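Novice: Going by numbering that gives the first Met the number 0, the letters in the sequence shown line up with residues 0 to 200, in that order.
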Amino acid sequence: MEGVTQDILDRLIDELKKLPGIGRKTAQRLAFFLLKMSVEEARGLAQAIIDVKERLRFCRWCNNVSEEEVCRFCADPRRDRTRILVVEEPITLFAVERTGEYKGLYHVLLGALSPLDGRGPSDIKAQSLLERLKQGETKEVIIATNPTIEGEATAIYLTRLIKPTGVKVTRIAYGIPVGVDLEYADEVTLIKSLEGRRELT
Ligand SMILES: [Zn+2]
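1. Kindly list the residues whose CB is nearer than 8 Å to the CB of R197, restricted to its own chain and excluding five residues on each side of it in sequence; keep chain order.
2. I'd like the span of the alpha helix (DSSP H) that includes D185, first residue to last.
3. In its own chain, which residues sit with a C-beta less than 6 Å from the C-beta of F57, not counting the 5 before and 5 after it?
4. Establish whether the CB of A154 and some CB of chain B are separated by less than 7 Å.
5. When we look at the beta-carbon of I7 and count the other beta-carbons within 10 Å, is it buried (16 or more) or exposed?
6. Can you tell me where the alpha helix (DSSP H) holding T98 begins and where it ends?
7. Where E186 and D9 are concerned, what is the direct C-alpha to C-alpha distance, given to the nearest angstrom?
8. Mind reading off the beta-carbon distance from R23 to K16? Whole number of angstroms is fine, and I expect it under 8 Å.
9. List the DSSP bridge partners of R82.
10. Would you give the residue range spanned by the beta strand (DSSP E) that V168 belongs to?
11. Specify the secondary structure class of R56 as computed by DSSP and reduced to three states.
12. To which residues of the same chain is R77 closer than 8 Å at the C-beta, ignoring the five residues directly before and after it?
13. Comparing C-alpha positions only, which one of D79, A74 and E100 sits nearest to K191?
14. What first and last residue would you give for the alpha helix (DSSP H) that runs through Y156?
15. Identify which residue in H106, E151 and T91 has its Cα closest to the Cα of P114.
16. To the nearest whole angstrom, what separates the beta carbons of K124 and N62, a pair I think is in contact under 8 Å?
17. Is N63 near ligand 1, going by C-beta to nearest heavy atom under 6 Å?
18. Give me, in chain order, the residues of the same chain whose beta-carbon lies closer than 6 Å to that of G195; leave out the 5 immediate sequence neighbours on both sides.
19. May I ask you to verify whether the segment 124–142 touches the segment 153–164, counting CB pairs closer than 8 Å and requiring at least 3?
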């Protein structure tokens, strides 16, 4: 009996350990927390995870999370199609959108370059951005990758990639402390960052 109990718990701990930033100790703590949850709460959590996987996907144009093949921003004819704001993850897109200041389109890279971790250009959605630019509607690409080493490396890479197309490339300004992900920036800071963007050459 002991063995079975341990196996069931270990399986949960192993699954939790796959999450980013979760080590063995945290996984154990979470597993015991889940054990104390009511069955309804546990089902709610499990169902939310399944719904995300079964009902959401990445937009075929911008890689934002979406219930449809094309997300609501790409599908919205009122959005300014001459601008594309580039972010690393959808969570930053949500933060920018909450400011209500940006009316253009987005492009989500679903990652950033990190040579130290072996993440290169083929691990981010950069080529599909280039494909979008070839359609000729875009006048400006605003790079809003995080102010981290990875985000800066990604911004430099994208600038080199986009420059030959003749599309203007700008980088948002940083009142944001270096090393802090954009998703944690407050709205006023984000608006100022957008307003203070400068052209990259
Ligand atoms: Zn989209």
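C-beta atoms are modelled at their ideal positions from N, C-alpha and C, and glycine is treated no differently.
Quick caveat: nothing in here was measured; it's all calculated off a predicted structure.
Specialist: A quick look at the data gives this:
1. T169, R170 and A172
2. Where D185 is concerned, there is no enclosing alpha helix (DSSP H), given that its DSSP letter is neither H nor E.
3. none
4. Among the protein chains of the structure shown there is no chain B, as only one such chain exists.
5. exposed
6. P89 to T98
7. 41 Å
8. 6 Å
9. E139
10. K167 to R170
11. strand
12. K102
13. E100
14. I148 to I161
15. E151
16. 5 Å
17. yes
18. A172
19. yes
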